[in-house]
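K.L.:
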Amino acid sequence: MTQRFPHSNSPTPQHFPVVVVGAGPAGLTVGNILRAAGVDCLVLETGTREFIERRPRAGVLEEWAVRGLERRGLAGRLLDRAERHTACEFRFAGERYRLSYQELTGSHHWVYPQHLLVTDLVREYADVRGGRIRFGVRDVRLHDLDGDRPSVSYVCPRSGRREVVACDFVAGCDGARGVTRSSVAPGRARVARHDYGIGWLALLAEAPASADCVLFGCHPDGFAGQMPRSPEVTRYYLQCPPGDDPDSWSHERVWTELRRRLAAAGAAPPVEGRLIEKRVLDMHDYVTEPMVFGRLFLAGDAAHLIAPIAAKGMNLALHDAFLLGDSLVALLTRDDDSGLAGYSRECLRRVWDYQEFSQWLSELYHGAATGDPFRSGTTLARLHRLFTSPTAAAAFAEQYLGTAARH
Ligand SMILES: Cc1cc2nc3c(=O)[nH]c(=O)nc-3n(C[C@H](O)[C@H](O)[C@H](O)COP(=O)(O)OP(=O)(O)OC[C@H]3O[C@@H](n4cnc5c(N)ncnc54)[C@H](O)[C@@H]3O)c2cc1C
């Protein structure tokens with residue numbers, strides 16, 4: 008919960024117009040937008056710079072998100088290095104079905120590992136735009152969010168002392184396990200939750216992908232996915248029980264299941280390689296409404312979590328960050344508060360749209376493995392429809408690419 012202005016070890020607290028909590032894609036994008044407009048801000052991050060620049064996670068970026076980064080001078084390296092994806096492939100009932108979404112929407116995905124984007128954003132913020140950032144901070148707390156003089160305090164990793172930073176606004180960009188969302192008094196936020204009751208074993212393999220696009224294997228024994236990340240590294244997912252022990256998945260078991268669940272007539276099997284990441288994700292979602300509490304503005308996973316079913320989380324984090332960064336600049340440089348006033352509503356429209364699509368897609372991935380013959384039948388019908396009805400394929404492509412004109 009938000010606390011009264013704390014006792015500080017520093018005689019006069021520093022002041023920044025904006026304190027950004029969390030240096031993930033959302034926080035660093037907000038920080039970069041502020042710095043480009045000459046607005047001073049401080050980013051607080053619990054991890055070290057080396058840690059956040061190496062943490063592998065997402066990789067699929069929607070075209071509008073990359074254009075948004077490009078417009079703000081943040082996509083230089085990404086556009087040089089990212090791979091363009093124009094199609095995906097479903098595998099079910101022993102066959103392969105390719106869906107060329109670029110032909111349907113004129114749009115494509117960019118594949119660029121999240122830690123490379125974070126590396127680019129930190130470099131631009133701290134080394135090029137002169138933004139201030141403190142790594143390795145501990146015990147971050149928010150204070151007086153309902154007044155016009157909020158502050159943020161943290162324990163400095165070097166001195167061990169609690170430092171206090173006064174500010175006008177706090178951007179809560181500290182992800183799903185951060186502190187900003189929990190600083191909101193109980194009863195003020197409505198948190199809507201959804202649990203799929205499914206786990207995914209998330210894997211990174213040191214091996215090239217066996218196809219030039221994302222593969223979705225919809226198999227009666229469980230979903231399997233293959234997502235190229237770079238020429239040397241590929242992400243895989245295997246459906247498993249929630250809370251499953253990753254150590255129960257030996258190298259042999261992983262590759263046997265991947266080969267089985269992704270098998271299709273005429274398709275090359277996955278290329279086996281050393282597994283460099285192996286962890287179980289319990290698939291669940293939440294949405295916090297509203298996303299604004301006094302002077303605190305939540306963005307990205309701090310406000311809403313979306314299971315990686317449709318690869319939407321980082322895209323939503325960037326969407327929030329563009330709106331929040333631009334709206335803070337409008338207020339702080341032009342006294343225009345219209346963006347901040349509509350921030351929560353505008354973000355949540357896209358958030359709910361993407362949540363609904365993820366839920367729909369989840370049934371496509373997992374329905375065949377429920378053991379329920381009725382759901383297996385309807386899942387198969389839904390899959391076939393994507394490849395027999397151009398209208399159904401176009402609707403899928405629009406949602407998968409996030410190209411709807413309005414949400
Ligand atoms: C395996 C996996 C695959 C995924 N694949 C995709 C994909 O392909 N496409 C996609 O769009 N999304 C994907 N996602 C989701 C995506 O990674 C997240 O949605 C994205 O990281 C959200 O960005 P963020 O900036 O909101 O939060 P984060 O990236 O979580 O950043 C929050 C930052 O805050 C820091 N922090 C935490 N607590 C504090 C604190 N108390 N004080 C200060 N700092 C703190 C954290 O260290 C972190 O650096 C995937 C996620 C996973 C786990």
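Note that the working numbering has the sequence shown beginning at 8, numbered continuously upward.
Glycine is no exception: its CB is placed at the ideal position from the N, C-alpha and C atoms.
Any heavy atom of ligand 1 inside 7 Å of the beta-carbon of Ala209?
P.N.:
Yes - ligand 1 has a heavy atom lying nearer than 7 Å to the Cβ of Ala209.
K.L.:
Does Phe23 pass the burial test, meaning 16 or more other C-beta atoms within 10 Å, or should it be called exposed?
P.N.:
Burial call: buried.
K.L.:
By a C-beta neighbour count over all protein chains shown, 10 Å radius and 16 as the cutoff for buried, is Arg74 buried or exposed?
P.N.:
Its Cβ having fewer than 16 others within 10 Å, Arg74 is exposed.
K.L.:
Give the C-beta separation of Ala375 and Ser383 to the nearest angstrom, bearing in mind that I take them to be a contact with Cβ-Cβ under 8 Å.
P.N.:
Between Ser383 and Ala375 the Cβ distance is about 5 Å, and since that is below 8 Å, they are a contact.
K.L.:
If we ignore side chains and look at the alpha-carbon of each, how far apart do Ala401 and Leu222 end up?
P.N.:
Taking the straight line from one Cα to the other gives about 18 Å.
K.L.:
Please specify which runs of the alpha helix (DSSP H), each continuous and at least 4 residues long, are wholly inside the segment 116–192, giving them in chain order.
P.N.:
DSSP runs (the alpha helix (DSSP H)) wholly in the segment 116–192: 121–129.
K.L.:
Excluding five sequence neighbours on each side, which residues of the same chain lie with their C-beta closer than 6 Å to the C-beta of Leu208?
P.N.:
Here the set comprises Leu245, Cys247, Trp256, Val287.
K.L.:
Applying the criterion that 16 or more other CB atoms from any shown protein chain within 10 Å of the CB defines a buried residue, is Val336 buried or exposed?
P.N.:
Answer is buried; the Cβ neighbour count reaches 16.
K.L.:
Per DSSP, Asp90 is paired with what?
P.N.:
Here the sequence assigns Glu to residue 90, which means Asp is not the residue at that position. Looking at the DSSP assignment, Glu90 forms a beta bridge with Val118.
K.L.:
State the DSSP-derived secondary structure class of Leu312, mapped to helix, strand or coil.
P.N.:
In this structure, Leu312 counts as strand in the three-state DSSP scheme.
K.L.:
Under DSSP, the alpha helix (DSSP H) around Ala196 begins and ends at which residues?
P.N.:
That residue, Ala196, is in no alpha helix (DSSP H); it is neither H nor E in DSSP.
K.L.:
As a quick exercise: from Ala411, Ala133, Gly45, Leu355, pick the residue whose alpha carbon is nearest that of Tyr293.
P.N.:
The residue with the shortest Cα to Cα distance from Tyr293 is Leu355.
K.L.:
Do you know offhand how far Gly409's Cα is from Arg389's?
P.N.:
The alpha-carbon atoms of Gly409 and Arg389 are separated by roughly 20 Å.
K.L.:
When the Cα atoms are used, what is the spatial distance from Gly224 to Gly66?
P.N.:
Spanning the two alpha carbons is a distance of roughly 19 Å.
K.L.:
Just to confirm the assignment, what range does the alpha helix (DSSP H) spanning Gly45 have?
P.N.:
Careful: Gly45 lies outside any alpha helix (DSSP H) and carries neither H nor E.
K.L.:
Just checking Val147 against ligand 1 - is the residue's beta carbon closer than 7 Å to any of the ligand's heavy atoms?
P.N.:
Flag set: Cβ of Val147 near ligand 1.
K.L.:
Any idea if Thr263 is buried or exposed, counting beta-carbon neighbours within 10 angstroms, 16 or more meaning buried?
P.N.:
Exposed, by the Cβ-count rule.
K.L.:
Who pairs with Pro24 in a beta bridge, going by DSSP?
P.N.:
Pro24 pairs with nothing; no bridge assigned.
K.L.:
Between the Cα of Glu279 and those of Ala270, Leu265, Lys285, Thr386, spot the shortest distance and give me the residue it belongs to.
P.N.:
Considering only alpha carbons, the answer is Leu265.
K.L.:
For my contact list, Arg236 and Pro157 are in at a C-beta cut-off of 8 Å; report their separation, rounded to the angstrom.
P.N.:
Arg236 to Pro157, Cβ: 39 Å. No contact.
K.L.:
If you run the structure through DSSP and keep just helix, strand and coil, what is His373?
P.N.:
Helix.
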